[in-house]
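In terms of this note's numbering, the sequence shown opens at residue 5 and continues consecutively.
Virtual Cβ for every residue (Gly too), placed ideally from N, Cα, C.
These notes concern the structure reproduced below.
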Amino acid sequence: MNMSDLKHKTLEEIEKIASLQDWEELRVAVLGKKGSLTLLMKELGTKSPEERRLMGAELNVVKEAVTEALDLRKHQLEEADLDARLARETLDVSLPPRPFFKGKIHPLSSVMDQAIHIFGQMGFKVAEGPDIEEDFYNFTALNFPPEHPARQEHDTFYLPPGADQQPLVLRTHTSPVQIRTMLQEKPPIRIIAPGRTYRSDYDATHTPMFHQIEGLVVDTHTHMGHLKGCLEEFCRLFFEDPALKLRFRPGYFPFTEPSAEVDIWWKDSSWLEILGCGMVHPNVLRNCDIDPDVYQGFAFGMGIERIAMLKYGIEDLRLFFDSDIRWLNYYGFDPEARE
Ligand code: DAH
Numbered sequence: 005m006n007m008s009d010l011k012h013k014t015l016e017e018i019e020k021i022a023s024l025q026d027w028e029e030l031r032v033a034v035l036g037k038k039g040s041l042t043l044l045m046k047e048l049g050t051k052s053p054e055e056r057r058l059m060g061a062e063l064n065v066v067k068e069a070v071t072e073a074l075d076l077r078k079h080q081l082e083e084a085d086l087d088a089r090l091a092r093e094t095l096d097v098s099l100p101p102r103p104f105f106k107g108k109i110h111p112l113s114s115v116m117d118q119a120i121h122i123f124g125q126m127g128f129k130v131a132e133g134p135d136i137e138e139d140f141y142n143f144t145a146l147n148f149p150p151e152h153p154a155r156q157e158h159d160t161f162y163l164p165p166g167a168d169q170q171p172l173v174l175r176t177h178t179s180p181v182q183i184r185t186m187l188q189e190k191p192p193i194r195i196i197a198p199g200r201t202y203r204s205d206y207d208a209t210h211t212p213m214f215h216q217i218e219g220l221v222v223d224t225h226t227h228m229g230h231l232k233g234c235l236e237e238f239c240r241l242f243f244e245d246p247a248l249k250l251r252f253r254p255g256y257f258p259f260t261e262p263s264a265e266v267d268i269w270w271k272d273s274s275w276l277e278i279l280g281c282g283m284v285h286p287n288v289l290r291n292c293d294i295d296p297d298v299y300q301g302f303a304f305g306m307g308i309e310r311i312a313m314l315k316y317g318i319e320d321l322r323l324f325f326d327s328d329i330r331w332l333n334y335y336g337f338d339p340e341a342r343e
């Protein structure tokens, strides 16, 4: 084929290209490593100087024309492609918008966050422990003697023993986190432990799973005044009442001595119990290798559901876990309004 035929044939083919893919194929067929024009260029080397000059000049003209035609065709194809997409992807602005559902923060999550925030400002850090707990941390190390009736009072869910034959339970309170913390860290200690707890019980004020927040302070000069001040501060901030009255009643817990139950004076009408607390029992400190002659501690534990029900006037504990979307919409919190 002579040079002029090659040029015309190639330009015609370029004219007929219908897609960007075909375009690329043709470009390779003509200008690629083994393309028709490239091969002709290579052949130049075998020609006499005279022929080379003549052919070379002609070939350059053809190459230029082909390159230009290819560029133009590519541009046209891209434009056509864009037009097609614009036509295809039209937007009907008259369509009604899709309904927009905004989720709510569950009241228990919110109350938990509020409590963490208040204690956080007092210098407490958050500690955690497992829901499936060893009997040792849940009871024994907390000074519950074996076969002690307080063990039965907890309506414990027992699990088959673990790989190391340790008796396992679903933790009945967040107090085992005290033990885990004291075994891991040395005083001064100032932690809160929010989390799930479990007891086999079900009525308007009990669900098998509920939440507690535990507090523990251990230091060299910790006394009951610190405990009272700390809980008073918390309750007044949490219930947003700077004059809220608290009452400390003697109580009993195996892991504190003395122990107290705390009531708040509610709506000018009655005392309501909201938490248990006390000075950490010397046996508990000893179980964690902390010398009770050097260190003292106070601890407290309260039910998250209990303080949430009081603060927001929720009558039945079971409502928290019914997942009724209307209830959640009413009692839930706007995520954007969070601090
Ligand atoms: N663990 C107790 C319960 O679930 C609550 C409690 C009482 C926790 C006194 C404490 C405490 O840390 O000092 O009933």
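Nearest in C-alpha terms to Ile268, of all of Ala247, Arg31, Tyr256, is Ala247. Between the region 268 to 277 and the region 151 to 168, the count of Cβ pairs shorter than 8 Å is below three; the stretches do not touch. Under the DSSP assignment, Leu235 falls in the alpha helix (DSSP H) whose first and last residues are 228 to 242. Ranked by how close their Cα comes to the Cα of Glu138, the residues Arg251, Ser179, Phe123, Pro103 have Ser179 in first place.
With a beta-carbon spacing of about 6 Å, Thr176 and Asn142 fall inside the 8 Å limit used to define contacts. A distance criterion of 7 Å places the beta-carbon of Glu277 beyond contact range of the ligand DAH, judged by its closest non-hydrogen atom.
Here His227 is exposed, its C-beta having fewer than 16 other C-beta atoms within 10 Å. Using a Cβ-Cβ distance cut-off of 8 Å, the region 200 to 208 and the region 250 to 260 are not in contact, since fewer than three pairs of beta carbons, one from each stretch, lie closer than that value. Exposure of Ser8 is indicated by the presence of fewer than 16 other C-beta atoms within 10 angstroms of its C-beta. Here Val66 carries a helix assignment [DSSP, helix/strand/coil]. Residue state for Ser40 is assigned as helix, using DSSP reduced to three classes. Not a single heavy atom of the ligand DAH lies less than 7 Å from the C-beta of Gln156. Annotation for His12: no beta strand (DSSP E) segment contains it, though the alpha helix (DSSP H) segment containing it runs 7 to 20.
The C-alpha of Glu277 lies about 20 Å from the C-alpha of Gln118. The Cβ atoms of Val66 and Leu41 lie closer than 8 Å to each other. In the three-state reduction of the DSSP assignment, Arg56 falls in the helix class, which pools H, G and I. Burial check for Thr224: the Cβ neighbour count within 10 Å stays below 16, so the residue is exposed. Residue range 193 to 202 is occupied by the beta strand (DSSP E) that includes Thr201. Put simply, of Phe304, Val130, Leu321 the residue whose alpha carbon is nearest the alpha carbon of His230 is Phe304.
If one requires a minimum length of 3 residues, the beta strand (DSSP E) runs lying completely within the region 121 to 173 are 136 to 138, in chain order. For the pair Gln182 and Leu235, the CB atoms are not nearer than the 8 Å cut-off. Of the candidates Pro198, Gln169, Ile136, Lys108, the residue whose Cα lies closest to the Cα of Ser327 is Lys108.
Straight through space, the alpha carbons of Phe104 and Ile217 are spaced by roughly 35 Å. With a 10 Å radius around the Cβ and a threshold of 16 neighbouring Cβ atoms, Asn333 comes out exposed.
In the displayed model, Val97 falls within coil according to three-state DSSP, outside both helix and strand.
For Trp331, same chain residues with a beta-carbon under 7 Å away, outside a window of 5 residues either side, are Leu323 in chain order. For Tyr206, the closest alpha carbon among the candidates Gln170, Leu90, Leu321 is that of Leu321. The DSSP-derived three-state label of Leu24 is helix. Under the 10 Å beta carbon count, Val97 is surrounded by fewer than 16 other beta carbons and is classified as exposed. With 16 or more other Cβ atoms inside 10 Å of its own Cβ, Leu289 counts as buried. As computed with DSSP, Pro254 is found in a beta bridge with Ala264.
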